[in-house]
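Heads up: the structure comes next, in structure tokens.
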Amino acid sequence: MEIRSSLRKKSILALTLYLCFFIATIGSVVYLVVEPPVRDKLERNLDLRTQLLASQIKEPLITSTGVLNSLVGLAQSSNQSDSLKSTIPQILRLSDEIIVSGGLWPKPELKEERWRFTSLFFNKNSEGNIDQIHSYNNPE
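First residue of the sequence shown? That's 33 in the numbering used here, and the numbers climb one at a time after it.
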């Protein structure tokens with residue numbers, strides 16, 4: 033009986049070692065042969081997604097820069113607040129959904145020993161209408 037159990041233990045040990053060797057061989061082959069093409073394809077897909085996201089972010093920002101340049105041009109060209117009160121909301125109305133507010137903050141003027149604020153700041157509300165914000169002009 034002792035010989036049989038000894039052979040049985042040796043057989044189980046040998047089969048276990050063969051199984052470990054077989055699993056290690058298969059794992060190495062998979063790692064060396066299958067993994068590089070899968071990794072390359074995955075990296076390519078991630079690069080394409082990154083480029084797509086970058087283009088989707090960049091395009092609205094370029095449009096926003098155009099609106100900002102329009103506001104800067106208006107601020108530098110004239111100081112007629114009546115024409116600016118109608119022009120700035122039109123620019124914001126024509127802009128896309130990224131820009132929700134904008135305006136001009138001229139330097140405050142000192143009149144009769146009081147600071148006079150004349151900002152022209154506008155905001156898109158939830159319905160898409162343009163409202164003028166007066167909170168900067170009324171600091172109290």
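Where a beta carbon is used, it is the ideal one built from N, C-alpha and C, also for glycine.
Counting along the chain, where does the alpha helix (DSSP H) carrying residue i start and finish?
i: ILE94; result: 67-109
Can you give me the start and stop residues for the beta strand (DSSP E) that residue i sits inside?
i: ILE162; result: 162-165
i: PHE154; result: 152-156
i: LEU64; result: Run containing LEU64: none; DSSP gives neither H nor E here.
i: GLU141; result: 141-143
Between the options, which has its C-alpha nearest residue i's C-alpha?
i: SER118; options: ILE130, ARG76, TRP147, GLY135; result: GLY135
i: ASN157; options: PRO121, SER37, PHE149, GLU75; result: PRO121
i: GLY105; options: PHE54, ILE89, LEU93, ILE123; result: ILE123
i: SER229; options: ASN161, SER96, ARG148; result: Residue numbering for the chain in the displayed model covers 33 to 172; residue 229 lies beyond these limits and cannot be assessed.
i: LYS139; options: LEU85, THR150, ARG76; result: THR150
i: PHE153; options: VAL70, ARG146, LEU126, LEU116; result: LEU116
Could you pull out every residue in the same chain whose Cβ sits closer than 6 Å to the Cβ of residue i, ignoring the five residues on either side in sequence?
i: ASN155; result: SER133, ASP163, ILE165
Is residue i helix, strand or coil by DSSP?
i: SER118; result: helix
i: SER38; result: helix
i: SER133; result: strand
Between residue i and the rest of its own chain, which residues show a CB-CB distance below 8 Å, the 5 nearest in sequence each way excluded?
i: LYS90; result: none
i: LEU142; result: ARG148
Here's a check: name, in chain order, each residue in its chain whose Cβ is nearer than 7 Å to the Cβ of residue i, leaving out the five neighbours to either side.
i: ASP79; result: none
i: PRO92; result: ASP128, ILE130
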